[in-house]
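Enquirer: This is the structure I have questions about; it appears just below.
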Amino acid sequence: MLPNQLLTLVAVAVIPALGALAHGHDQEPLSGDADWAARHLAEEHHISNFDAGAFFSLHDYDSSLTWTPDEIARTYGLNDESAKDVSDEKRREVIHDVLDRFDRDHDGYITRTEFMDTWREGQRLKDFGLGPGHHGDDEYEYEIHHFEKYHDENTREEDLTHPEDIAHFAKHDAMEDAADRQQELDRMPIVEQNIPQKFRRVP
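In this note's numbering, each residue's number is its place in the sequence shown (first place is 1) plus 1057.
What follows is the structure, encoded as structure tokens:
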């Protein structure tokens, strides 16, 4: 397994490169009347020009040409850690509202055709006040919401001193430590901690 310092250096080198390829730093400012979908793409994907088909495909996570309730929830960031305090009632409201707007045949799913046809008629995704919709993994969210804003390709390891940097790499360290512990347990023929106390041999 790579040492922690090497992992950090690799991240410093790779993250800005991925950001430059996928997003870039120069983004057109949003207009004041931008809807939730436009703000979502600008903040979460650094995309300023899009059409309904592109938006749908980007959030059709299993490439099934259909949005499921789970995919709707994910698009609005309801599976993200930042949404842990969102109530079940609010989660149901989000899903039901989007289905009401775009699910024309009321089968509980939204096809790409349904979405595009309804979008062309002027329908849009509602802003529920839940933020831009974080739905990337930890690396992606760290890159797009922190690294690209405050660092660049010239950033050195010793420059990663923001609280967000420290928390991000501390999580990496914790995951690595957990993986090491699991490897040690896997090498043990019997894991004593997994044996109920009443079945353990008493010396």
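Glycine included, C-beta positions come from ideal geometry on N, C-alpha and C.
The structure presented is a predicted model; accordingly, all values stated were derived computationally and were not measured.
With H, G and I counted as helix, E and B as strand and the rest as coil, what does DSSP make of Leu1063?
Expert: Because the pLDDT at Leu1063 is just 41, under 50, the model does not fix this residue reliably, and the value given afterwards should be weighed accordingly. Helix, per DSSP.
Enquirer: At what residues does the alpha helix (DSSP H) containing Ser1114 begin and finish?
Expert: From DSSP, the alpha helix (DSSP H) with Ser1114 extends over 1109 to 1115.
Enquirer: Output the distance between the C-alpha atoms of Leu1098 and Ser1105, rounded to the nearest integer angstrom.
Expert: About 7 Å.
Enquirer: Quick one: Cα of His1153 to Cα of Lys1183, how far?
Expert: Cα-Cα distance, rounded: 11 Å.
Enquirer: Keeping to the same chain, check which residues put their C-beta closer than 6 Å to that of Asp1137; ignore five residues upstream and five downstream.
Expert: Excluding positions up to five away in sequence, the list reads His1191.
Enquirer: Would you tell me roughly how many angstroms separate the C-alpha atoms of Lys1147 and Ala1235, rounded to the nearest one?
Expert: Looking at the two C-alpha atoms, the distance is approximately 34 Å.
Enquirer: Ser1144 and Gly1188 - do their beta-carbons sit closer together than 8 Å?
Expert: Not in contact: Gly1188 and Ser1144 (Cβ atoms no closer than 8 Å).
Enquirer: Tell me, please, which residues DSSP counts as bridged to Ile1167.
Expert: According to DSSP, which records beta bridges pairwise, Ile1167 is partnered with Trp1124.
Enquirer: Thinking Ala1094 and Phe1112 are a contact (beta carbons under 8 Å), I'd like their distance in whole angstroms, please.
Expert: Between Phe1112 and Ala1094 the Cβ distance is about 6 Å, and since that is below 8 Å, they are a contact.
Enquirer: Apart from the five residues on each side of it in sequence, which residues of its chain come closer than 8 Å, Cβ to Cβ, to Glu1150?
Expert: Taken in chain order, the residues that qualify are Phe1185.
Enquirer: Going straight from the alpha carbon of Asp1243 to that of Arg1257, what length do you get?
Expert: If you take the alpha carbons of Asp1243 and Arg1257, they lie about 19 Å apart.
Enquirer: Just mark Ile1252 as buried or exposed, buried being the case when its beta carbon has 16 or more other beta carbons within 10 Å.
Expert: The residue in question, Ile1252, is exposed, as its Cβ has fewer than 16 Cβ neighbours within 10 Å.
Enquirer: Of the choices Ala1227, Pro1220, Asp1142, Arg1181, whose alpha-carbon is the least far from that of Asp1092?
Expert: Of Ala1227, Pro1220, Asp1142, Arg1181, the residue nearest in Cα terms is Arg1181.
Enquirer: Going by alpha carbons, who is nearest to Ile1129 out of His1219, His1116, Asp1157?
Expert: If we check each option's Cα against that of Ile1129, His1116 comes out closest.
Enquirer: Count the other CB atoms, across all protein chains shown, that sit within 10 Å of the CB of Thr1170; report buried if there are 16 or more and exposed otherwise.
Expert: It counts as exposed.
Enquirer: Below 7 Å CB to CB, which residues in the same chain sit around Arg1158 once its five sequence neighbours on both sides are set aside?
Expert: Around Arg1158: Thr1175, Gln1180.
Enquirer: Apart from the five residues on each side of it in sequence, which residues of its chain come closer than 7 Å, Cβ to Cβ, to Phe1107?
Expert: So the list reads Leu1098, once near-sequence residues are dropped.
Enquirer: Grab the span of the alpha helix (DSSP H) containing His1153 for me, first residue to last.
Expert: That run of the alpha helix (DSSP H) goes 1145 to 1159.
Enquirer: Determine the direct distance from the alpha carbon of Glu1233 to that of Glu1214, and round the result to whole angstroms.
Expert: Rounded to the nearest angstrom, the two C-alpha atoms are 19 Å apart.
Enquirer: Can you tell me which of the three DSSP states Ile1104 falls into?
Expert: Three-state result, Ile1104: coil.
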